[in-house]
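>
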Amino acid sequence: MGWHSTWNDDDSGGGGTGRYRHVRVQFGSPGFGGGQATKWLLIANIAVFVLVNVLQWAPLAEWGPLTARLTLRHFQLWRLVTYQFLHGSPMHILMNMWVLWMFGRVVEMQFGTRRFLWLYLLSGIAGGVCEIAVNYLISTRGGAYAGFAEIPIVGASAGVSGVIVAYAILNPNSTILIMFVLPMKARTAAIGWGLVTTFLAVQSFLNPGSGDNVAHAAHLGGMLYAYLWCRAGAQAPLDVGARLRRLFGGADRGGQYRSEGTWRHPVTGTRTPEDDADERRLDEVLRKVHEQGIAALTDDERDFLRRMSERKQDDIGFDNRHRR
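Start counting the sequence shown at 355; every next residue gets the next number (the numbering used here).
Set out below in structure tokens:
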């Protein structure tokens, strides 16, 4: 697809809802450290690709793909999960993993690792159900179409499609570059892609065998599931601004977050020059979150913010011990 995400929201228009109000994050989750689930999904997909496509490991190739007959008639339901980790070609896995890496880290950071993983896998399952349902219905026409129930389905595209939709819902005004050159709002791109996918899925159903050998119904199913998941709330994570204020005890002064400056050495209970330097950097990081959104932080800045949150908790514990 060639999508690249950037962050250049216009916070000045319509109602004054700054970017930090619609960019949400689950602080304290594993995903806050840089997308652990996203990384492991990439590793798992690449490992399976090597096992099946390079080392020719037969069991995965035999028991992993999704087909309508084996799933619906023989109740081999595990295939709804395993098919998501199989890919037919280097380009197939390259495109899926690249898009997952681009958008998955942000969505995981916003939803939290556990909910992100559920979103990804369930979107993949929903997409698989849609695709085998379509293939089964086509197979009931008989004749040359009977073999559609045997067509193997592989790929992470349904789960990745769900991640893209979740990204667009959580960050509708972020800008993405289509094929690296065409800037477009995430909401607009997702709607356009959804319409095209719907058209292609309907066309593939009405004229089976004349398409492009792409599981469009799986893409559509993953997108629809993610849309319903996000719109239903899915235990939406906390507003980044509110959580920052609670976590660091800061106030919104003139549109900028500030820390209270109460940290002390964990042993002596006194402040050090390093404490002051860290506090100044924290103010800069919080200001960046306020102005550009949590996704604009570098890995180093996210790691620093996580360490500061842990340090703040240690300081709270120090206060509680010495108040007794």
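Glycine included, each C-beta is placed from N, C-alpha and C at the ideal position.
(1) Less than 8 Å between C-beta atoms, sequence neighbours within five positions excluded: which residues of the same chain meet that for G497?
(2) Shortest alpha-carbon distance to N527 belongs to which of M533, A544 and L554?
(3) Starting from the Cα of S511, find the closest Cα among A415, L659, G575 and G418 and give me that residue.
(4) In terms of alpha-carbon separation, which member of G509, V643, A571 and A487 lies closest to G548?
(5) Examine the Cβ distances between the region 415 to 429 and the region 504 to 519 and report whether three or more of them are shorter than 8 Å.
(6) Between V404 and T551, what straight-line distance do the alpha-carbon atoms span, to the nearest angstrom?
(7) Locate the beta strand (DSSP E) running through P413, then write down its first and last residues.
(8) With DSSP collapsed to three states, give me the class of L434.
(9) How would you call G563, buried or exposed, if buried means at least 16 neighbouring beta carbons within 10 angstroms?
(10) In the structure shown, what three-state DSSP assignment does I505 receive?
(11) Per DSSP, I486 forms a beta bridge with which residues?
(12) In terms of residues, what are the limits of the beta strand (DSSP E) holding L531?
(13) Quick check on G546: buried or exposed, where buried means 16 or more other Cβ atoms within 10 Å of its Cβ?
(14) Does the beta-carbon of H428 have 16 or more other beta-carbons within 10 angstroms, so that it is buried, or is it exposed?
(15) Name the residue from M451, A522, E655 and I532 whose alpha carbon lies nearest to the alpha carbon of K393.
(16) Roughly how many angstroms separate the alpha carbons of P627 and M445, rounded to a whole number?
(17) Below 8 Å, how does it come out for the region 462 to 481 and the region 531 to 540: are there three or more Cβ pairs, yes or no?
(18) When you compare each of L636, W583 and V435 to I523 by their alpha carbons, which one comes out closest?
(19) With P444 as the anchor, note down where its alpha helix (DSSP H) starts and where it stops.
(20) Less than 8 Å separating the beta-carbons of L395 and L454?
(21) Going by DSSP, what residue range makes up the beta strand (DSSP E) through L405?
(22) Taking all protein chains shown into account, do 16 or more other C-beta atoms lie within 10 angstroms of the C-beta of N567, making it buried, or fewer, making it exposed?
(23) So, at 7 Å on beta carbons, what are the nonlocal neighbours of M577 in its own chain, with the 5 sequence-adjacent residues on each side left out?
Let me spell this out:
(1) Within the sequence shown, numbered from 1, the residue matching residue 497 stands at position 143. For G497, where only same-chain residues beyond five positions count, there are no Cβ hits under 8 Å.
(2) Along the sequence shown, one-based indexing puts residue 527 at 173. Residue A544 is the option with its Cα nearest to N527.
(3) Stepping through the sequence shown from its first residue, residue 511 is reached at position 157. Among A415, L659, G575 and G418, the Cα nearest to that of S511 belongs to G575.
(4) The sequence position of residue 548 within the sequence shown is 194, counting from 1. Relative to the Cα of G548, the nearest Cα in the group G509, V643, A571 and A487 belongs to A571.
(5) With the rule of 3 Cβ pairs closer than 8 Å, the region 415 to 429 counts as touching the region 504 to 519.
(6) Residue 404 sits at position 50 when you count from the first residue of the sequence shown. Residue 551 sits at position 197 when you count from the first residue of the sequence shown. Taken atom to atom, the span from the alpha-carbon of V404 to that of T551 is near 30 Å.
(7) Counted from its first residue, the sequence shown places residue 413 at position 59. Going by DSSP, P413 is part of no beta strand (DSSP E) but of the alpha helix (DSSP H) stretching over A412 to W417.
(8) Mapped onto the sequence shown, residue 434 falls at position 80. It is helical.
(9) In the sequence shown, counting from the first residue as 1, residue 563 sits at position 209. Taking all protein chains shown into account, G563 has fewer than 16 neighbouring C-beta atoms within 10 Å of its C-beta and is therefore exposed.
(10) Position 151 of the sequence shown holds residue 505. In the structure shown, I505 falls within a coil segment according to DSSP collapsed to helix, strand and coil.
(11) Reading the sequence shown from its first residue, position 132 is the one you call residue 486. For I486, DSSP assigns no beta-bridge partner whatsoever.
(12) To locate residue 531, count along the sequence shown from 1; it is residue 177. Start and end: T529 to I532.
(13) Position 192 of the sequence shown, counting from 1, holds the residue named residue 546. By the beta-carbon neighbour count (other beta carbons within 10 angstroms, threshold 16), G546 is exposed.
(14) Position 74 of the sequence shown, counted from the start, is the residue given in the question as residue 428. Counting the other CB atoms within 10 Å of its CB gives H428 a total below 16, which places it among the exposed residues.
(15) Along the sequence shown, read from residue 1 onward, the residue named residue 393 stands at position 39. The shortest Cα separation from K393 among M451, A522, E655 and I532 belongs to M451.
(16) The residue you call residue 627 lines up with position 273 of the sequence shown. The residue you call residue 445 lines up with position 91 of the sequence shown. Rounded to whole angstroms, P627 to M445 spans 52 Å at the Cα level.
(17) Contact annotation: the region 462 to 481 does not touch the region 531 to 540, with fewer than three C-beta pairs closer than 8 Å.
(18) Taking the first residue of the sequence shown as position 1, residue 523 is located at position 169. Looking at the Cα atoms, W583 is the closest of the given residues.
(19) The residue labelled residue 444 in the question sits at position 90 within the sequence shown. Its alpha helix (DSSP H) spans residues P444 to F465.
(20) The count along the sequence shown starts at 1 and reaches residue 395 at position 41. The count along the sequence shown starts at 1 and reaches residue 454 at position 100. At a Cβ-Cβ threshold of 8 Å, L395 and L454 count as neighbours.
(21) For the purposes of this step, residue 405 is taken as the residue at position 51 of the sequence shown. Bounds of any beta strand (DSSP E) do not take in L405, whose DSSP letter is neither H nor E.
(22) Within the sequence shown, residue 567 is the residue found at index 213, counting from 1. Per the 10 Å Cβ criterion, exposed.
(23) Within the sequence shown, numbered from 1, the residue matching residue 577 stands at position 223. Taken in chain order, the residues that qualify are S515, G516, V519, G548 and T551.
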